[in-house]
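First up is the structure itself, then whatever we jot down about it.
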Amino acid sequence: MKTDIEIALEADMKPIEEIAGQLNLDRDDWEPYGHYKAKLSDQLLNKLSDRPSGKIILTTSINPTPAGEGKSTVTVGLGQALNQLDQKAVIALREPSLGPTMGIKGGACGGGYSQVVPMDEINLHFTGDIHAITTANNALSAFIDNHIHQGNELNIDPRRIEWKRALDINDRALREVVVGLGGPVKGIPREDQFTITVASEIMAVLCLASGLQDLKSRLSRMVVAYTFDRKPVTVEQLGYEGALTLLLKDAMKPNLVQTLENTPAVIHGGPFANIAHGCNSLMATQIASKLGDYVVTESGFGADLGAEKFLDIKTRAGGFEPDAVVVVATIRALKMHGGVNKKELEAENLAALEKGMENLKKHIETIEQFNLPYVVAVNQFPKDTEAETEFLLDWCKQEGAPVSLVKVFAEGGSGGIHLAKQVMEACESKQGSLQYTYDLDDSIEVKIEKIVTKVYGGEAVEFSSKAQKQLKQFEELGYGQLPICMAKTQYSLSDDPTALGRPQGFTITVQELRASVGAGFLVALTGDVMTMPGLPKKPAALNMDVTEEGVIKGLF
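Numbering (my numbering), first residue to last: 28 to 583.
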């Protein structure tokens, strides 16, 4: 089979005006970014406000493994399948980050014959949204350092500057840095850090804002530092919310593209799910729901991270509920959760598969706790044996779990027709309201404990001495009613990335809390998770190139 990039480059893409026409958009509802990309108007949501919303389908998965799950591929394939069934479906995805694209993944636009295109442009610079966020983030760092250099009117303690610089690439050398060296004219020397852009608060702010004015309001509330007497300093006090909004004006507009089968796709925002909230922008999801009868969207990593944050943070911010959830799994990944080495996955191993099913079971239980109907989507691989497939189907039947085998990688939308029909049935079966993991009135400590025990299946939470002080400080500052964004390894239900399957009796350690007041949540950093990833020994970038004719190579 051809590589993803070969398939993408051979795609029969429609001019973007035709995709906009499929959605009945007027010419002033969008602006072209080349032949196959467009920015949607930031006023479009207001224009469509009286239109009924379509069904929202959330795609999540088991805990990811190096064997691959294909969540984005299933998301795209499901959207294409719904359109093949003559349903008006729109896909809503996150924008890929250059960090993992150049590092461990090589691309994030789906795969095979279920991709969004132009894949090469989306994976690289796209429409410049992430670059704009990086610029705004670092402009704020410059404004803070300049404020201190020019007399420090707000009495900012340089030792307590919370705002970090950002870069959208994996660079471990920038995790801890010193700025301001070189004498008085170079600034005030202090320790600083870099966060990957997709984990920055500005990314979260942009993704949770309902419009340009809400964006400005959220930016103004961001806490960037504390004074010498421990009082928070906000962007509003510095006076730069207008300038930051100006830098983000175009980035606030969602992006319209298409799939290989010309299904409309809205791609906007890209927060990581292991260290940020892991969902595409609220505006993109809401606009898609007004333009289609079905919206297929996704959240990052497994249901313990992305789906929990989608349901406990994003839906609260947007005032909506999904109608159904798709839980993606592969036999290969389940065998890894059952203890099989990646090099031995092609050999049939029913015992390991049975053991690995416990990971899938926990994620199903999590979705059931939210009171949402679901379908298990088994992303099939050629080396899956008949016995393994039958075992998985029998297991799902015994558990009462709706299940569908999908072949959207090799067959596109036609490989997801059965899944699409089941998902449509699931949407119609939804009863009752979404049940959140915690109440906003719960204390910060209780919220975290509920996530750990109910979603992760853990036994207890330990807070470092630093985190204990921050618990008290944030409650006193009035941040106690904010939702929680857990920063945790994606590979395990616990905070130990090596504990695969369904670990039991574990304790989650919260090392630090951070207040993302503009985004509207508190971040709890657990275990050894870092906000600036590093590159692997052999980054995906080693395989990337461009020919003399300008043809991209190596993006999968």
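No residue lacks a Cβ here, since even glycine has one placed at the ideal position from N, Cα and C.
Bear in mind the structure is a predicted one, so any value in this text is a computation, not a measurement.
Residue i - containing beta strand (DSSP E), residue span
i	result
Glu-489	487 to 490
Lys-82	82 to 88
Gly-56	In the sequence on display, residue 56 carries Asp and not Gly. Taken as a continuous stretch (DSSP letters only), Asp-56 belongs to no beta strand (DSSP E), as it is neither H nor E.
Leu-552	548 to 553
Met-129	Looking at the DSSP string, Met-129 is not in any beta strand (DSSP E); the run it does join, the alpha helix (DSSP H), is 125 to 129.
Gln-538	534 to 543
Ala-36	Looking at the sequence provided, one finds Leu at residue 36 rather than Ala. Run containing Leu-36: none in the beta strand (DSSP E); it sits in the alpha helix (DSSP H), 31 to 36.
Arg-343	Premise fails: Arg-343 lies in the alpha helix (DSSP H), 342 to 345, not in any beta strand (DSSP E).
Residue from the options whose Cα sits closest to the Cα of residue i
i	options	result
Ile-46	Tyr-63, Ala-38 and Gln-70	Tyr-63
Thr-416	Ser-227, Val-204, Ile-358 and Ser-168	Ile-358
Ser-141	Lys-98, Gly-178 and Ser-124	Lys-98
Glu-395	Glu-438, Gln-462 and Lys-341	Gln-462
Val-584	Asn-182, Ala-236, Leu-239 and Asp-77	In this structure the chain extends from 28 to 583, so residue 584 is not present and cannot be described.
Gly-81	Gln-114, Ser-68 and Asp-421	Gln-114
Glu-455	Glu-375, Asp-320, Ala-315 and Leu-527	Asp-320
Gln-220	Val-206, Leu-420, Phe-501 and Gly-427	Val-206
Met-451	Ala-108, Ala-94 and Lys-280	Ala-108
Leu-201	Thr-558, Lys-580, Lys-564 and Gly-238	Thr-558
Leu-287	Ser-543, Ala-38 and Gln-538	Ala-38
Pro-127	Thr-92, Pro-563, Lys-580 and Lys-213	Pro-563
Met-310	Ala-303, Val-322, Val-323 and His-295	His-295
Ile-579	Trp-57, Pro-145, Leu-71 and Gln-49	Pro-145
Leu-71	Asp-77, Asp-56 and Pro-79	Asp-56
Ala-334	Asp-523, Ala-116, Asp-77 and Val-482	Val-482
Gln-538	Thr-525, Asp-572 and Glu-489	Glu-489
Ser-247	Gly-561, Glu-576 and Ala-546	Ala-546
Val-403	Ile-83, Pro-79 and Leu-419	Leu-419
Ile-196	Asp-277, His-152 and Ile-43	His-152
Leu-504	Ala-193, Tyr-253, Thr-92 and Ala-374	Tyr-253
Leu-332	Val-143, Ala-35, Val-479 and Glu-33	Val-479
Ala-447	Ala-35, Pro-42, Ile-32 and Val-101	Val-101
Asp-458	Asn-398, Trp-422 and Thr-464	According to the sequence provided, residue 458 is Gln. The question's Asp does not apply to it. Here the closest residue by C-alpha is Asn-398.
Lys-191	Ser-68, Ile-444, Ile-223 and Gly-214	Ile-223
Test item: CB-CB of residue i and residue j under 8 Å
i	j	result
Val-556	Asn-301	yes
Gly-104	Val-433	yes
Gly-139	Phe-408	no
Pro-349	Leu-85	yes
Thr-312	Ala-159	no
Thr-484	Lys-389	Thr is not the amino acid found at residue 484; the sequence shown has Gly there. Going by C-beta atoms, Gly-484 is nearer than 8 Å to Lys-389.
Gln-111	Gly-442	no
Leu-498	Gly-134	no
Asp-156	Glu-180	no
Val-260	Arg-245	no
Thr-87	Gly-427	no
Ile-475	Gly-507	no
Thr-516	Pro-524	yes
Leu-194	Thr-161	yes
Leu-274	Ala-356	no
Val-284	Leu-271	no
Gly-528	Asn-376	no
Pro-510	Arg-257	no
Leu-239	Met-279	yes
Gly-532	Glu-486	yes
Reduced DSSP category for residue i - H, G, I as helix; E, B as strand; rest coil
i	result
Thr-261	strand
Val-204	strand
Ser-431	strand
Arg-187	strand
Lys-280	coil
Thr-222	strand
Asn-406	strand
Lys-496	helix
Lys-580	strand
Val-556	coil
Phe-67	Per the sequence shown, the amino acid found at residue 67 is Leu instead of Phe. Three-state DSSP puts Leu-67 in a strand.
Met-513	strand
Gln-285	strand
Asp-156	helix
Ile-118	strand
Residue i, enclosing alpha helix (DSSP H) - first and last residue
i	result
Leu-242	239 to 248
Ser-141	Taken as a continuous stretch (DSSP letters only), Ser-141 belongs to no alpha helix (DSSP H), being part of the beta strand (DSSP E) at 141 to 144.
Thr-393	377 to 396
Val-352	No alpha helix (DSSP H) holds Val-352; the beta strand (DSSP E) holding it covers 351 to 356.
Glu-268	268 to 275
Gln-111	98 to 111
Leu-233	228 to 235
C-beta neighbour in chain D for residue i, strict 8 Å
i	result
Gly-577	No chain D appears in this structure, which consists of one protein chain only.
Problem - Contained alpha helix (DSSP H) runs [length at least 4] in the region 414 to 462, N- to C-terminal order - result: Within the region 414 to 462, the runs of alpha helix (DSSP H) at least 4 residues long that lie entirely inside it are, in chain order, 435 to 438 and 444 to 456.
Exercise for the section: Identify every run of the beta strand (DSSP E) within the region 288 to 328, keeping only runs that are complete inside it and at least 3 residues long; order them along the chain. Expected result: DSSP assignment within the region 288 to 328 yields the following whole beta strand (DSSP E) runs of 3 residues or more, N-terminal first: 291 to 294 and 321 to 325.
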